Every structure is written in structure tokens, then in C-alpha cells.
Amino acid sequence: PTFVKMEFEYRNKKYVIERNPEYERPKIHGEGTTTQSANATLIYPDKDTPVTGSSNVTVAINELIGLDYEQFTQIAMIAQNDFLKLLLADTDERRKIFSKIFNTYPYEKLQLKLGDEAKRLRRLVDDQNKSISQYIDGIRCGDSFVARQQLEAIKNNKTENGIENTIDFIEELINNDQDLLKVLTKG
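Residue numbers for the sequence shown follow my numbering, so the first one is 723 and each next one is one higher.
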């Protein structure tokens, strides 16, 4: 039978893979041939029991090195200076390849979490600004022309500085009203 035996080292450990393709062999009983299925074996350096079966070995290798066949061939292609194909791959495929090569998944996950948190905080700030704006719109002052002009300017400028100006303006209105109340209650 035809087979390939490959020994490789990964993270200072030596592994052995044996694979054979599907092939025709003589029948054990009777005449003629029968098809022998493809098979594979992966021998770990630190385990007594090898992984057997083509698909099981493929899964074990993918888990071990963190790359599937296509990604491995892309990396091998880069190593062989045939990176034009990678450069010509569509953006999404290139992103997937580089993400896998450089293990950026944790950073992508963090980026998504931070993006969601930023959206949540933006909504919170927007809600608070709407609430503040509602209160500012409810401010009333006396008949003083200057006070009405200041109030209109404040209502048109509901920024952070506008809010500070609003607080100062309200404190001034309260002080003026308290002074007026003192005058009226004495008289």
C-alpha cells in the first residue's frame, strides 16, 4: 500500500502522522480486489493512544496547530514567496487568514464589547441630555428683558457649557427672587 509518513515538531514536541489514500488491494478471501478506505494515524509524543481515522486525525491536527488545510496552505504559500494570491484574495478572506495567523480573535471580541459599551453609554448620555433639555425648556423667569434674553440664549445652547451657564443663571434667578421676597415681606 501507498502511504506517507511525516514527522514534524511543534512547540518542541515531535509528532508523527501516517496517511494512506484509498487504494485497491487483493481480497483476503476469494479472488479479485477490494477497495481499502483511506486512513490516517497521529502519534502524540506524550500520549499512549494515537488518534486514528482520516477525519479524526484532520480534526486533531487543526486543533493542535490552530489552522485548517486552506489556512496552512496560505501560510506555506507566503513562506514560499507566492503571496500574490493572498494579496489578491477578497478582503474578508484575507482578514480571516490574518486573524487566524496572528490570533486576533480575543482583540476582535474586546473590540466588539467596547463598541457595544460605547453605544450603550452614548444612548445613556443622549437620554440624559434629553432629560436636561426638557428641564431647561421648563425654566421660566420674570418680565425682565435681560433675563428673558439670557434664558433664550441658554435654551438655544444646550451643550455642556450651556448646562453650566444654565445652573449659574438659575442660581442668579433664585438669589434675585429671594432678594425680592425679602423686600416684599419687610414692607
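Backbone N, C-alpha and C define an ideal beta-carbon position, used for all residues, glycine too.
Here the structure is a predicted model, which is why all the values come from computation and not from measurement.
- Query: Could you give the uninterrupted runs of the alpha helix (DSSP H) lying entirely in the stretch 817-871, keeping only those of 4 residues or more?
  - Reply: 827-859
- How long is the line joining the alpha carbons of residue 950 and residue 876, rounded to whole angstroms? A question about residue 950 goes unanswered here, because the residues of the chain that appear run from 723 up to 909.
- Boundaries of the alpha helix (DSSP H) in which residue 786 is found, first to last residue: 776-787
- Message: In the DSSP output, what is residue 758 paired with across the bridge?
- Response: 745
- Look at the alpha carbon of residue 785 and the alpha carbon of residue 778, and state the distance between them as a whole number of angstroms. 11 angstroms
- Query: Among 736, 796, 825, which has the Cα closest to the Cα of residue 811?
  - Reply: 796
- Item | Delimiting residues of the beta strand (DSSP E) encompassing residue 730 | 726-732
- When DSSP builds the beta bridges, which residues end up paired with residue 763? 740, 774
- Contact set for residue 762: own chain, Cβ-Cβ below 6 angstroms, skip 5 residues either direction: 741, 776, 779
- Message: Taking the straight line between their C-alpha atoms, what separation do you get for residue 888 and residue 849?
- Response: 18 angstroms
- Would you list the residues sitting across from residue 735 in a DSSP beta bridge? 732
- Message: Tell me whether the stretch 787-794 and the stretch 811-831 touch, counting them as touching only if at least three CB pairs, one residue from each stretch, are closer than 8 angstroms.
- Response: yes
- Task: Let me know if residue 843 comes out buried or exposed under the rule of 16 or more other beta-carbons within 10 Å of its beta-carbon.
- Result: exposed
- Determine the direct distance from the alpha carbon of residue 852 to that of residue 894, and round the result to whole angstroms. 24 angstroms
- Message: For a test of the three-state rule: what should DSSP assign to residue 768, helix, strand or coil?
- Response: coil
- Message: Here's a check: name, in chain order, each residue in its chain whose Cβ is nearer than 7 angstroms to the Cβ of residue 859, leaving out the five neighbours to either side.
- Response: 877
- Rank 862, 825, 837, 815 by C-alpha distance to the C-alpha of residue 788 and give the top, closest one. 825
- Query: So, are the CB atoms of residue 766 and residue 745 less than 8 angstroms apart?
  - Reply: no
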